[in-house]
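Note that the numbering used here has the sequence shown beginning at 11, numbered continuously upward.
Scroll down for the structure; my scribbles are underneath it.
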Amino acid sequence: MKDLKSLLNVRYPIVQAPMLGVTTPAMVAAVSNAGALGSLPVGGLSPDRTRERIHATKALTDRPFAVNLFAHEPAKEINEAEITTMQDFLAELCLEFNIPFERQNPADFKFYYYEDLIEILLEENIPVVSYTFGRLKPDVIAAFKAKGTILAGTATSVAEAKLLAQDGNDIITVQGIEAGGHRGSFLADEPSPQIGLSALLPQVADVVDVPLLAAGGIYNQHTVKAAFALGASGVQVGSLFITADESAASEAYKQAVLNAKDTSTQLTRAFSGRWARGIQNEFMKRMDAKGISIPYYTIQNQLMSLIRAYAQKNNLKDFIALWAGQAAGNSKRASTEEIIKGLIAML
Ligand SMILES: Cc1cc2nc3c(=O)[nH]c(=O)nc-3n(C[C@H](O)[C@H](O)[C@H](O)COP(=O)(O)O)c2cc1C
């Protein structure tokens, strides 16, 4: 098996998890400058925003960093009735909580997919491309391979890991159920995979022959060592960076993370239409209680975008997607440099 550190061209086998909405170029650069691997999330962003963020990161580091994509399929259909019911509910809720609400027309939605960003990543000579929510198309994999790009797909089950290995990924990120943020799951399993990292990692290590990055609930020396003992070659840590000085999380979000307990998070589709782990709040509870059908990912994400942006700006924690993992409460306020150096010291 190839060595993870040489594949990533880093001194330490630690990856700062890409966290769309939280990770900034300054965070990525601080991690890479410390000798680990920063990851810049650009899933769903426009080509212009993507280029801008890559340039902003390059201005702060000459060390390698990863760029992270969302590899999901477009929504198969737009269900107007479902969207109308959802918007009626959101309008009612916003009125109750004094949040401005703007009804959106699905015909105006503009989504960007990973295919829109490949040219930019190739042109910018991005050394490592990680992704979640799916598999890359064969021609995209071939284009990256021709360029020598290292590819890292995300698996939440053994079957997903096998497919990613077959596709030619150099590394597989193994995401346990503990992990904060969206589940990377992409097979239409019913029920969707909910496997803890300590069960998933060794079972994946048994059947694939590429280095594994362990993601989910890693926060101290025990969890770092356990990941290696269970078959990982490196760790990918997300939640610990939400409270970093360089994080884009609002103050209300940071406070919620600092106050979180092991029991504070749950999986929800309420904010985006995809399963994701976040700290429980009023919006999740209301959506659960209402029990209406939630539109598919990207559609629900779009319907919620203005409410989320308003909540983030105004520190309304009950309407922010407080993505965080089961061990997020162990976070501390610190610079990204201090956080990554703390993790390096645990190796
Ligand atoms: C706020 C937040 C945003 C995330 N966004 C992304 C993302 O854009 N792309 C991705 O591949 N994973 C994303 N994830 C998942 C992480 O890559 C990783 O699996 C997770 O953070 C690891 O678990 P931990 O949070 O317990 O450390 C996100 C996680 C969080 C907490």
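Just so you know, even glycine gets a beta-carbon here, dropped at the ideal spot from N, CA and C.
Quick one: what's got a C-beta closer than 6 Å to residue i's C-beta in the same chain, skipping five residues either side?
| i | result |
| --- | --- |
| residue 56 | 122 |
| residue 290 | 276 |
Name, in chain order, the residues that DSSP records as bridge partners for residue i.
| i | result |
| --- | --- |
| residue 181 | 162 |
| residue 192 | 286 |
| residue 47 | 25 |
| residue 78 | 51, 140 |
| residue 245 | 24, 224 |
| residue 344 | 254 |
| residue 213 | Its beta-bridge partners do not exist; DSSP assigns none. |
| residue 278 | 286 |
Quick check: the Cα distance between residue i and residue j, rounded to an integer number of angstroms?
| i | j | result |
| --- | --- | --- |
| residue 196 | residue 186 | 14 Å |
| residue 110 | residue 49 | 34 Å |
| residue 171 | residue 69 | 35 Å |
| residue 176 | residue 164 | 13 Å |
| residue 262 | residue 51 | 22 Å |
| residue 82 | residue 351 | 34 Å |
| residue 62 | residue 226 | 29 Å |
| residue 210 | residue 167 | 7 Å |
| residue 37 | residue 237 | 24 Å |
| residue 337 | residue 321 | 24 Å |
| residue 335 | residue 189 | 5 Å |
| residue 134 | residue 95 | 43 Å |
| residue 302 | residue 99 | 9 Å |
| residue 42 | residue 266 | 27 Å |
| residue 149 | residue 116 | 30 Å |
| residue 11 | residue 152 | 21 Å |
| residue 306 | residue 143 | 13 Å |
| residue 88 | residue 308 | 11 Å |
| residue 147 | residue 128 | 11 Å |
For residue i, which residues in the same chain have their Cβ closer than 8 Å to its Cβ, ignoring the five residues on either side in sequence?
| i | result |
| --- | --- |
| residue 59 | 52 |
| residue 19 | 74, 137 |
| residue 47 | 18, 20, 24, 25, 26, 41, 74, 75, 76, 138 |
Report buried or exposed for residue i, applying the criterion of at least 16 other Cβ atoms within 10 angstroms of its Cβ.
| i | result |
| --- | --- |
| residue 34 | buried |
| residue 65 | exposed |
| residue 252 | buried |
| residue 287 | buried |
| residue 120 | exposed |
| residue 93 | buried |
| residue 179 | buried |
| residue 203 | buried |
What does a CB cutoff of less than 7 Å around residue i pick up in its chain, not counting 5 residues either side in sequence?
| i | result |
| --- | --- |
| residue 222 | 182, 184, 211, 214, 215, 241, 242, 243 |
| residue 254 | 37, 344, 345, 346, 349 |
| residue 77 | 50, 52, 64, 131, 136, 139 |
| residue 112 | 316 |
| residue 229 | 250, 337, 340 |
| residue 218 | 171, 172, 175, 182 |
Can you find a heavy atom of ligand 2 that lies under 7 Å from the Cβ of residue i?
| i | result |
| --- | --- |
| residue 346 | Among the ligands present in this structure, namely ligand 1, ligand 2 is not found. |
_Contact between the stretch 290-301 and the stretch 223-240 (3+ Cβ pairs under 8 Å)_ = In this structure the stretch 290-301 does not lie against the stretch 223-240, because fewer than three pairs of beta carbons, one per stretch, are closer than 8 Å.
*Is the stretch 129-138 close to the stretch 148-164, with three or more CB pairs under 8 Å?*
yes
_Quick test of the definition: if touching needs 3 or more C-beta pairs under 8 Å, does the stretch 102-109 touch the stretch 311-331?_
Touching, yes.
*Kindly confirm or deny that the stretch 304-320 and the stretch 339-346 touch, where touching means at least three C-beta pairs closer than 8 Å.*
Cβ pair count under 8 Å is below three, so no.
*For the stretch 243-256 against the stretch 15-31, are there 3 or more C-beta pairs whose distance is under 8 Å?*
These segments touch.
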